[in-house]
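Each remark here refers to the structure printed beneath this line.
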Amino acid sequence: MGLLGINGIGGNQEISPASGKQKTETINFTPKPISIMTEQIDYGKIKETINGQYKEFDNAVNNSALTGKFLSENDLLKQGYKKSAMMDMNGGIYYEKDGESIRVMNSRILGNGKSLSFRNKNMAHFATYDDKGKETGGIVQVKQQNGSIKVYEYDVDIEGNKFIKSVTTSELDYFADYE
6 MGLLGINGIG GNQEISPASG KQKTETINFT PKPISIMTEQ IDYGKIKETI
56 NGQYKEFDNA VNNSALTGKF LSENDLLKQG YKKSAMMDMN GGIYYEKDGE
106 SIRVMNSRIL GNGKSLSFRN KNMAHFATYD DKGKETGGIV QVKQQNGSIK
156 VYEYDVDIEG NKFIKSVTTS ELDYFADYE
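Numbered by our numbering, the letters in the sequence shown go through residues 6 to 184 in order.
Structural data, given as structure tokens:
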């Protein structure tokens, strides 16, 4: 007598024993590329990666007004940014100072969380934040001398260390917007 069907379904049906022949399939495992850890170590106000491999990324992050925590309107006003009368169609509010701009998204429109976008003439920095205002990742774009844009995509671990996920070069001569 064999086993009954699962959960009694099928009543007295038996599960047939294996035929003795077994089909073996080869499983090919291809690991994902390992992210490069770029732990930020404080040396005064300047932070840099441990391995020093991404100096351009370090400089861009250090020159960005964005920090590891979400900046509120009060934070931006204290830093001298002026609130623009302009709001984009997704609810982004703009703050400007000395040729720099910061776009603030503080709502969950279309399922997106909090984000900040910083931009000046040489770089752009887009960062996402969790509900508690802690940075979770982002994208840094740096204008190159030949007119192209180098794009660094990164994640942030629970301790605030940045992990470079990808580095690409775009031949486009403008900073892409991220949402």
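Where is the CB? At the ideal position from N, CA and C, for every residue including glycine.
C-alpha distance - residue i paired with residue j, whole-angstrom precision
i	j	result
Gly142	Asp136	13 Å
Asn95	Asn151	33 Å
Tyr100	Val147	21 Å
Asp162	Ala90	35 Å
Lys88	Thr72	19 Å
Thr133	Lys119	6 Å
Leu76	Lys167	18 Å
Gly165	Gln149	27 Å
Asp160	Tyr59	15 Å
Inter-residue CB distance, residue i and residue j (contact presumed, cutoff 8 Å)
i	j	result
Lys139	Lys74	6 Å
Ser153	Thr173	The Cβ separation is near 10 Å, so there is no contact.
Lys155	Glu61	7 Å
Ala65	Met128	5 Å
Neighbourhood of residue i by C-beta, 6 Å cutoff - its chain only, sequence neighbours within 5 removed
i	result
Gly225	Absent from the model: residue 225. The displayed extent of the chain is 6 to 184, so no value can be given.
Phe131	Ser122, Gly143, Ile144 and Tyr183
Ser69	Phe123 and His130
Ile41	Here the model assigns Ile41 a pLDDT of 49, short of 50, so the residue's position is not dependable, and the following value carries that caveat. Taken in chain order, the residues that qualify are Ile169.
Segment limits, beta strand (DSSP E) that includes residue i
i	result
Ala132	Met128 to Tyr134
Leu121	Lys119 to Arg124
Gly165	Taken as a continuous stretch (DSSP letters only), Gly165 belongs to no beta strand (DSSP E), as it is neither H nor E.
Gln146	Glu140 to Lys148
N- and C-terminal bounds of the alpha helix (DSSP H) containing residue i
i	result
Ala65	Lys60 to Asn68
Contact set for residue i: own chain, Cβ-Cβ below 7 Å, skip 5 residues either direction
i	result
Asn125	Gly104 and Glu105
Leu81	Tyr100 and Ile107
Met92	Ile98
Glu158	Ile144, Lys170 and Ser171
Leu177	Ile154
Phe180	Arg124, Ala129, Gln146 and Ile154
* Continuous beta strand (DSSP E) assignments of at least 3 residues falling wholly in the region 72 to 116 -> 87 to 92, 98 to 102 and 105 to 110
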